[in-house]
Each structure stands twice: as structure tokens, then as C-alpha cells.
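Peer 1: Protein chains in written order, with this note's numbering: chain A, 150 to 378; chain B, 150 to 378. Virtual Cβ for every residue (Gly too), placed ideally from N, Cα, C. One structure is given below, represented as C-alpha cells, and several questions about it will come after.
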DNA sequence: CGACAGTTTGAACAATCTCAAGCCGCGTGG
DNA sequence: CCACGCGGCTTGAGATTGTTCAAACTGTCG
């Protein structure tokens, strides 16, 4: 039988990259490959955290809700991102597919066994967790102290960097999320996001092809703006 | 020679709790105990990340700055908290003592060796990292979507919970940080923090003894307020 | 081609910030 | 032991950024 992990395009970008070639079969047998439609919910805030996920294709948004419906998106996942580490009994967020997605689903018990079995796998997860923590701190700085304009600039620069990491073009960025999603990620309203996009376009700093494709025309300017320059 | 870790009061609250009694000596020989004054800087944003720290007494604030001086406090540390995990070459934040502190300092290389040597130690760090990440997500919800009043209520409830975890009284909470620190943690200004404290006092929800001791008089009310109730 | 979700634009509003001034409490030194 | 000074805290009034509410537009997908 052919080992599906050996041919996985996401392996280079994901935790699985830390597992040696011959051990990939163990990974494959601990997980199930799953395809979900756009809009599907992977996990719901408050549900028992029975599974962990490795996203191998598509994009996902992660969010938290207040009782009255206010929403904060705490992250967007793309190829290679891992979801669900931690020993909490319940998920602390909801995860929803922004595009059709493919993912590997690990039952928690099997996953824990993998950690025991492959120290490099665990080390990789620790590194990823702390680098996510660092990204979360950047986002706190953004949410707590940056102006709307600075937030949008940071967001665009960040998207472009991520595209670069995944080997995609960094000049023209595809936005799989809506304006409302962006607003809920940046602590703004849809209207403010829209207004600032139009402003930046008017200034010639970005180009807009439809609502979901942005071209960064003045990257240095945007980068400076992102840091308050 | 007596092993200092065996008598450490912070052990039960810290990562060291994951290391078996007989292995504590290895921990002790990998680290140096350090005492610092209030106001001392443990690490500076941008400096090479040569050391990791375990805080065993006192309180520390962690913050990031924008070039123009705007500041976001991304966390407060207390007894048992660990600082510096990750493979980045530079610290992404500044850490400063709010009170006199005692800490164990690990050179990065020795620390990595400890991880290799004690899988439980590494596992504990992974758990802590993901639980910190979860706390960071709560804070993003706070910064992105809560009102000033909700932020203060969340902050007070959070402080009280932390005090409870450390075995301290949860009704009267000591604030080792200034109003400005609180503001920089909650994405507000000093003035707003002060005004809301006075409001809450007027409403009989909290008591203030001096500026740095708060009594939670209406915990259910505050908890509801924290979630937007 | 039609409809509807998502986006853009406009005008009025409000939460929070800014600027300014006074107050309090605590540590210090006379 | 008390007066002094200073950092930090509180209070007030006015300014501002971003929100809210409302309506028109667009482009995408049956």
C-alpha cells in the first residue's frame, strides 16, 4: 500500500516535516484524511476537544464569540497549519472553512501516542506553539495600540509574507475572507475596512481587482504604515 | 550539597513540577538563581535570546513597543511562569520586574539539553505554551471586541482567578502594576482606567484601598460584565 | 438574467482619547 | 515628627477616531 503522507504537498510546510520518511506510515495510520466544503465547521467553541487537525489545503478561520454575538477572529490557518494542541477538555474557539479544505484528523489519544513516539514531532509542535504565541503578541499590539489604517497595512503585509512562505506570489494577494472577516480579525467594522481599502487604493498604495484580490503597489510605504511610520 | 530545587516554593506552580525529584539536581545545575530589583529589565525586545527564565517570586510585565512609543503589555507573569521558549534568535518583547523578583536563568543551550533529557519537562512546556496561546486568544477578544468597562471587569476577574490558582485570597487583589500598565495591557488610556475604577467603586462592585488594592464586592456582577452581560 | 450576499458610500453619533489641571499618598530629609 | 516634593492617580471639558444606521451599488452564481 502506498503511504499517502509521502506524497503530501503540505508536508514541507507542516509538523509532519519533522517526522522521518520511514515513520510517515505511522502518521498516516493515526489520522484520517477529510475533505470539507467552504463554510463547514471543523470544531465549535465549547465542544469536547476530541480531535486535532493538520490543514493540508485551503484556508480556515478561527474565532471566538461573546454571548451577544460580537466576534473576534483570532487567526487564519493555511496549508501546513496545525490546530488543537493543548490539554483543555473543550475547544476554546470555533474553526470554519473559508474555502474547500483538506485536512488530516487525529483522535487525541492516537496523537498523544505520536508525541511519545516521535520526540522531533513534539519538538516541532513546541516551536510552532511558541511562534504562534509570538504572532498572537503581535496581534495584541495591533488590536490594542494601532490605528485602523495601521491595522489594515499590517494585515496586508502579513498576508503577503505568508504567501511568500508558502511559495506563492507576494505582490498580488488573494483574500479568501470577506470584509466582515477582516474587520472581525482587526477589531474594526466592515465599513471601516472598506473605507480604508478605498483610501489606500486612491493613494495608489494598493490595487483592487474585484473585492478579493489585492495588489501591493507600495510595499515599503505599507510596511512603514504598519509600524506607525 | 543541598539541592535548592527541592525546597523551591514555586516548584508546584512551575514547569519544574514535571521533573522527578531525583532529577531536580540536573535542573539546578543548568540554571542560575537571580534576584532583581523592581524596575529591572530581564530581557529587551530585539536582544539576542540567549537565556530562558523561570519566575519563582515577584511579578513581571512583558511588553512590545511601536517606534513612536506606543506600548502594549502582552502579559503579566507571576510565580511559576516560564519565559523565553521558542527558536527565534531575538526576544520579541521586553520583560521588566514590577516588584523585586527571583528567577532561575537557563542558558539556551543547557535548556535545550534538558528538553532532550526530560520528555515530561518538554511535554509540560508544550501544554503551557498552548494554554498561554489560549489566554492570548482571550486577550485578542478583549482587545478587539470588548468595551472599556468589560475589559476592566475581565481584568479584575482574571487577576482574582490567578490569585486563586496561586493559593492567595481571591477577594482582595493586590495590583503590582500602575494604572498606566493596566491601560497598556487593556488597550486603553490611564484616564479611562481610572474613571472606570471610580465608577465601579461608586456602583459598589469593587472597593479600593489605596490605588493598588482592589476588593471584588460583586464578583457575579463583574463576571457577567466581563462577558458583555 | 435575476437575485442576493457582500461591498461601498454617506451622515450623524458616541465611546474613548487628549489635553489640562488638581489631588493624594508615600518616602525623604530637615 | 512633620513638611516637602514627586510620581502616580483622579477629574473635567473638548476633540477625534471609528461606529452606527441607512441606502445604494456590484459582481457572482444559479
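Exposed or buried, residue 178 of chain A, counting other C-beta atoms within 10 Å across all chains shown (16 or more means buried)?
Peer 2: Numbered from 1 along the first chain, position 29 holds the residue referred to as residue 178 of chain A. Exposed, because fewer than 16 other Cβ atoms sit within 10 Å of the Cβ of residue 178 of chain A.
Peer 1: Quick one: is residue 268 of chain A near chain B, going by C-beta distance under 9 Å?
Peer 2: Residue 268 of chain A sits at position 119 when you count from the first residue of the first chain. Residue 268 of chain A counts as touching chain B.
Peer 1: Determine which residues of the region 273-294 of chain A have a Cβ less than 8 Å from any Cβ of chain B, and write them out in chain order.
Peer 2: Listed by position, the residues of the region 273-294 of chain A near chain B (Cβ gap below 8 Å) are 274, 275, 276, 278, 279, 280, 281, 282, 283, 285, 286, 287, 288, 289, 290, 292, 293, 294.
Peer 1: Cα separation between residue 351 of chain B and residue 375 of chain B?
Peer 2: Taking the second chain and counting its residues from 1, the one referred to as residue 351 of chain B is at position 202. Taking the second chain and counting its residues from 1, the one referred to as residue 375 of chain B is at position 226. If I take the Cα positions, the gap works out to 18 Å.
Peer 1: Run through the DSSP bridge pairs and tell me what residue 245 of chain B is partnered with.
Peer 2: Taking the second chain and counting its residues from 1, the one referred to as residue 245 of chain B is at position 96. Looking at the DSSP assignment, residue 245 of chain B forms a beta bridge with B:190, B:210.
Peer 1: Using only the alpha-carbon positions, how far apart do residue 288 of chain B and residue 294 of chain B sit?
Peer 2: Position 139 of the second chain, counted from the first residue, corresponds to residue 288 of chain B. Position 145 of the second chain, counted from the first residue, corresponds to residue 294 of chain B. So the alpha carbons of these two residues sit roughly 10 Å apart.
Peer 1: Alpha carbons only, please: which of B:215, B:174, B:202, B:299 is nearest the one belonging to residue 185 of chain B?
Peer 2: Within the second chain, residue 185 of chain B is the residue found at index 36, counting from 1. That would be B:202, whose Cα lies nearest to the Cα of residue 185 of chain B.
Peer 1: Alpha carbon to alpha carbon, how far is residue 259 of chain A from residue 318 of chain A? Give it in angstroms, no decimals.
Peer 2: Numbered from 1 along the first chain, position 169 holds the residue referred to as residue 318 of chain A. Numbered from 1 along the first chain, position 110 holds the residue referred to as residue 259 of chain A. Each residue's alpha carbon lies about 37 Å from the other.
Peer 1: Just to make sure I have the definition right: I need the residues of chain B whose C-beta is within less than 8 Å of the C-beta of residue 232 of chain A. Which are they?
Peer 2: Position 83 of the first chain, counted from the first residue, corresponds to residue 232 of chain A. Simply none; closest approach about 11 Å.
Peer 1: Spatial neighbours of residue 197 of chain A within its chain, please: C-beta separation below 7 Å, excluding the five flanking residues on both sides.
Peer 2: Here the question's residue 197 of chain A lines up with position 48 in the first chain. The residues are 238, 239.
Peer 1: Taking Cβ positions only, does residue 219 of chain B come closer than 9 Å to chain A?
Peer 2: Position 70 of the second chain, counted from the start, is the residue given in the question as residue 219 of chain B. At least one chain A Cβ lies under 9 Å of residue 219 of chain B.
Peer 1: With distances taken between CB atoms, is the gap from residue 180 of chain A to residue 204 of chain A smaller than 9 Å?
Peer 2: Within the first chain, residue 180 of chain A is the residue found at index 31, counting from 1. Within the first chain, residue 204 of chain A is the residue found at index 55, counting from 1. It is not a contact, given that the beta carbons lie outside the stated cut-off.
Peer 1: What residues of chain A sit near residue 242 of chain B, judged by a beta carbon separation below 8 Å?
Peer 2: By 1-based counting over the second chain, the position of residue 242 of chain B is 93. The answer, in chain order, is 286.
Peer 1: When the Cα atoms are used, what is the spatial distance from residue 162 of chain B to residue 230 of chain B?
Peer 2: The count along the second chain starts at 1 and reaches residue 162 of chain B at position 13. The count along the second chain starts at 1 and reaches residue 230 of chain B at position 81. Near 8 Å, if we compare the C-alpha coordinates of residue 230 of chain B and residue 162 of chain B.
Peer 1: Select from A:188, A:195, A:283 the residue whose C-alpha is nearest the C-alpha of residue 210 of chain A.
Peer 2: Against the first chain, residue 210 of chain A aligns to sequence position 61. Nearest C-alpha to residue 210 of chain A: A:188.
Peer 1: Listed from N- to C-terminal order along the chain, which residues in the region 335-358 of chain A have their beta-carbon within a distance smaller than 8 Å of any beta-carbon of chain B?
Peer 2: Listed by position, the residues of the region 335-358 of chain A near chain B (Cβ gap below 8 Å) are 335, 336.
Peer 1: Starting from residue 222 of chain B, follow its DSSP beta bridges and name the residues at the other end.
Peer 2: Translated into positions along the second chain, residue 222 of chain B becomes position 73. Note: residue 222 of chain B sits in a beta bridge opposite B:212.
Peer 1: For residue 215 of chain A, go through chain B and note every residue whose CB falls closer than 8 Å to its CB, in chain order.
Peer 2: Position 66 of the first chain, counted from the first residue, corresponds to residue 215 of chain A. What residue 215 of chain A touches in chain B: 290, 294, 295, 376, 377.
Peer 1: Which residues in chain A have a C-beta closer than 7 Å to the C-beta of residue 236 of chain B? List them in chain order.
Peer 2: Numbered from 1 along the second chain, position 87 holds the residue referred to as residue 236 of chain B. Within 7 Å Cβ-Cβ: 276.
Peer 1: I'd like to know if residue 172 of chain B contacts chain A, where contact means its C-beta is closer than 9 Å to some C-beta of that chain.
Peer 2: As a first step, residue 172 of chain B must be located in the second chain, where it is residue number 23. It does not: the Cβ of residue 172 of chain B has no partner Cβ on chain A nearer than 9 Å.
Peer 1: Starting from the C-beta of residue 328 of chain B, find all residues in its chain whose C-beta is less than 6 Å away, skip the five residues before and the five after it, and write them out in chain order.
Peer 2: Position 179 of the second chain holds residue 328 of chain B. Within the same chain, residue 328 of chain B has close Cβ partners 339, 342, 343.
Peer 1: What are the uninterrupted segments assigned as alpha helix (DSSP H) that are 4 or more residues long and contained completely in the region 153-183 of chain A, given in chain order?
Peer 2: If we require 4 residues or more, the alpha helix (DSSP H) runs fully inside the region 153-183 of chain A come out as 173-179.
Peer 1: Return the residue from the list B:252, B:164, B:311 that minimises the CA-CA distance to residue 190 of chain B.
Peer 2: Position 41 of the second chain, counted from the first residue, corresponds to residue 190 of chain B. Among B:252, B:164, B:311, the Cα nearest to that of residue 190 of chain B belongs to B:252.
Peer 1: Quick one: grab the DSSP three-state call for residue 363 of chain B.
Peer 2: For the purposes of this step, residue 363 of chain B is taken as the residue at position 214 of the second chain. Residue 363 of chain B: strand per DSSP, three-state reduction.
Peer 1: Which chain B residues sit within Cβ distance under 9 Å of residue 245 of chain A?
Peer 2: Residue 245 of chain A sits at position 96 when you count from the first residue of the first chain. Ordered by position in chain B, no residue passes the 9 Å Cβ test against residue 245 of chain A, which lies about 15 Å from the chain.
Peer 1: Could you check whether the Cβ of residue 223 of chain B sits closer than 9 Å to any Cβ belonging to chain A?
Peer 2: On the second chain, residue 223 of chain B is found 74 positions in, with the first residue counted as 1. Closer than 9 Å to some Cβ of chain A, the Cβ of residue 223 of chain B qualifies, so yes.
Peer 1: From this set, B:182, B:208, B:214, B:174, which residue's C-alpha is nearest residue 193 of chain B's C-alpha?
Peer 2: Walking along the second chain from the start, residue 193 of chain B turns up at place 44. Comparing Cα-Cα distances from residue 193 of chain B to each of B:182, B:208, B:214, B:174, the minimum goes to B:214.
Peer 1: With a cut-off of 8 Å on the beta carbons, I'd call residue 281 of chain B and residue 274 of chain A a contact; round off their distance for me.
Peer 2: Within the second chain, numbered from 1, the residue matching residue 281 of chain B stands at position 132. Within the first chain, numbered from 1, the residue matching residue 274 of chain A stands at position 125. Wrong, their Cβ atoms sit about 14 Å apart, outside the cutoff.
Peer 1: Check each candidate in B:320, B:322, B:377, B:182 and name the one with the smallest Cα separation from residue 256 of chain B.
Peer 2: The residue given as residue 256 of chain B occupies position 107 in the second chain. The residue with the shortest Cα to Cα distance from residue 256 of chain B is B:182.
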